[in-house]
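Trainee: In the UniProt record's numbering, the protein residues as written are 1 to 271. Backbone N, C-alpha and C fix where the C-beta goes; we use that ideal spot for every residue, glycine too.
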């Protein structure tokens, strides 16, 4: 049993919690067995299991717990980085918490994820210049014009007026969020290799160069740096690129390692 199979047991409509086996085999797991297995996995691999549940959107509490556990782990390892070691005792936990939060957001992102639209800043509407045609009459229609049955449009003056109006955002179509899927491969992770396609005469697919085969765009590390700068200005851009960014990438990888460990523990328990 792997972690993905446990997701359905968190929804009432998709599982049967009882003492009766779900299959005729003697070694089939009951609902009680599965609940116990998930509890034991959470005890053995707290960070990995909580991170997985938070990534799947099962529980916000598990998301916060995973971030808190990673922040505690980061505090034990950050002194290896000179720039982080020099931070004050009050500032260091805040910085680690911020890095852990961005690390979780990057870890949990997928091609199905959405992010706030940058074009409208999550408002769904933008202000744009709208041009409209307006008209007015220079004078009242004189009697001689009425006798000659002239059209009122002969005395009409038209002008183009520019107004600022709120219009629907063209990027998100008013949804306030946009997809995180790669624009080149549309979340598939594979794209047509034009050079090989031209050589062989048939479509040849390879890993997308833009997203490196992930299918989605990662969160730029500059966003994490900007968030850290709101807490302290002790870390410069050069220091971030030289050492702190590498430490931040290790925190993201830590979630993947812990999730793999949680899955290994679950398989060992349920085998």
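As a quick exercise: from 258, 220, 255, pick the residue whose alpha carbon is nearest that of residue 240.
Mentor: Mapped onto the chain shown, residue 240 falls at position 240. Nearest C-alpha to residue 240: 220.
Trainee: Inspect the beta-carbon positions of residue 227 and residue 102 and report whether they are closer than 8 Å.
Mentor: Against the chain shown, residue 227 aligns to sequence position 227. Against the chain shown, residue 102 aligns to sequence position 102. It is a contact, given that the beta carbons lie within the stated cut-off.
Trainee: Keeping to the same chain, check which residues put their C-beta closer than 8 Å to that of residue 203; ignore five residues upstream and five downstream.
Mentor: Residue mapping note: residue 203 aligns to position 203 of the chain shown, counting from 1. Correct list, in chain order: 192, 197.
Trainee: Relative to the alpha-carbon of residue 224, which residue among 122, 9, 68, 237 has its alpha-carbon at the smallest distance?
Mentor: Here residue 224 refers to the residue found at position 224 when the chain shown is read from its first residue. It is 237 whose Cα lies nearest to the Cα of residue 224.
Trainee: Excluding the 5 residues preceding and the 5 following residue 160 in the sequence, name in chain order all residues of the same chain whose CB lies nearer than 7 Å to its CB.
Mentor: In the chain shown, residue 160 corresponds to position 160, counting from 1. Excluding residues within five positions, the ones whose Cβ falls inside 7 Å are 131, 133.
Trainee: Is the distance from the Cβ of residue 292 to the Cβ of residue 41 below 8 Å?
Mentor: Any answer about residue 292 is impossible in this case: the structure gives the chain only from 1 up to 271.
Trainee: Below 8 Å CB to CB, which residues in the same chain sit around residue 2 once its five sequence neighbours on both sides are set aside?
Mentor: Locating residue 2 in the chain shown gives position 2, where the first residue counts as 1. Cβ within range, chain order: 263, 266, 267.
Trainee: Quick check on DSSP: helix, strand or coil for residue 204?
Mentor: Counting from one through the chain shown, the residue named residue 204 turns up at place 204. If DSSP states are grouped into helix, strand and coil, residue 204 belongs with coil.
Trainee: Is the distance from the Cβ of residue 169 to the Cβ of residue 119 below 8 Å?
Mentor: Start at 1 with the first residue of the chain shown, and residue 169 comes out as number 169. Start at 1 with the first residue of the chain shown, and residue 119 comes out as number 119. For residue 169 and residue 119, yes; Cβs fall inside 8 Å.
Trainee: Determine the extent of the alpha helix (DSSP H) in which residue 350 is found, giving its start and end residues.
Mentor: Examination of residue 350 is not possible in this model, given that the chain is present from 1 through 271 alone.
Trainee: Do three or more CB pairs link the segment 106 to 124 to the segment 199 to 219 at distances below 8 Å?
Mentor: Enough Cβ pairs lie closer than 8 Å, so yes.
Trainee: Taking only three categories from DSSP, how would you classify residue 118?
Mentor: Translated into positions along the chain shown, residue 118 becomes position 118. Note: residue 118 maps to coil in three-state DSSP.
Trainee: Considering Cα atoms alone, identify which of 222, 75, 56, 233 is closest to residue 245.
Mentor: For this step, residue 245 is matched to residue 245 along the chain shown. Selected option, being the one with the closest Cα: 222.
Trainee: Helix, strand or coil for residue 261? Go by DSSP, reduced to three states.
Mentor: Translated into the one-based positions of the chain shown, residue 261 becomes position 261. Helix.
Trainee: With a CB to CB cut of under 6 Å and the five nearest residues on each side skipped, what residues in its chain are close to residue 25?
Mentor: Counted from its first residue, the chain shown places residue 25 at position 25. Residue placement at residue 25 is flagged as unreliable, the pLDDT there being 47, under the threshold of 50; the coordinate-derived value follows with that caveat. Taken in chain order, the list of residues that qualify is empty.
Trainee: Residue 50: buried (16+ other C-beta within 10 angstroms of its C-beta) or exposed?
Mentor: For the purposes of this step, residue 50 is taken as residue 50 along the chain shown, with counting starting at 1. Buried is the call here.
Trainee: Kindly list the residues whose CB is nearer than 6 Å to the CB of residue 63, restricted to its own chain and excluding five residues on each side of it in sequence; keep chain order.
Mentor: Position 63 of the chain shown, counting from 1, holds the residue named residue 63. Result list for residue 63: 54, in chain order.
Trainee: Assuming residue 252 contacts residue 89 (C-beta within less than 8 Å), just tell me the rounded distance between them.
Mentor: Within the chain shown, residue 252 is the residue found at index 252, counting from 1. Within the chain shown, residue 89 is the residue found at index 89, counting from 1. Actually they are not in contact, since the Cβ atoms of residue 252 and residue 89 sit about 25 Å apart, beyond 8 Å.
Trainee: Starting from residue 190, trace the beta strand (DSSP E) in both directions and tell me its first and last residue.
Mentor: Taking the first residue of the chain shown as position 1, residue 190 is located at position 190. From DSSP, the beta strand (DSSP E) with residue 190 extends over 190 to 192.
Trainee: Spatial neighbours of residue 34 within its chain, please: CB distance less than 7 Å, with the 5 preceding and 5 following residues excluded, ordered by chain position.
Mentor: The residue given as residue 34 occupies position 34 in the chain shown. Only 9 meet the Cβ criterion.
Trainee: Do the CB positions of residue 82 and residue 243 come within less than 8 Å of each other?
Mentor: For the purposes of this step, residue 82 is taken as the residue at position 82 of the chain shown. For the purposes of this step, residue 243 is taken as the residue at position 243 of the chain shown. Result yes, Cβ atoms of residue 82 and residue 243 sit closer than 8 Å.
Trainee: For the alpha helix (DSSP H) that contains residue 75, what are its first and last residues?
Mentor: The count along the chain shown starts at 1 and reaches residue 75 at position 75. Start and end: 60 to 77.
Trainee: For residue 48, is the classification buried or exposed, using 16 other Cβ atoms within 10 angstroms of its Cβ as the cut-off for buried?
Mentor: Indexing the chain shown from 1 puts residue 48 at position 48. Residue 48 should be labelled buried.
Trainee: On the DSSP bridge assignment, give the partners of residue 216 in chain order.
Mentor: By 1-based counting over the chain shown, the position of residue 216 is 216. DSSP output for residue 216 lists 181 as bridge partner(s).
Trainee: Residue 271 by DSSP, collapsed to three states: which one?
Mentor: Sequence index remark: in the chain shown, residue 271 carries index 271 (1-based). If DSSP states are grouped into helix, strand and coil, residue 271 belongs with coil.
Trainee: Would you check if the distance between the CB atom of residue 177 and the CB atom of residue 125 is smaller than 8 Å?
Mentor: Indexing the chain shown from 1 puts residue 177 at position 177. Indexing the chain shown from 1 puts residue 125 at position 125. Not in contact: residue 177 and residue 125 (Cβ atoms no closer than 8 Å).
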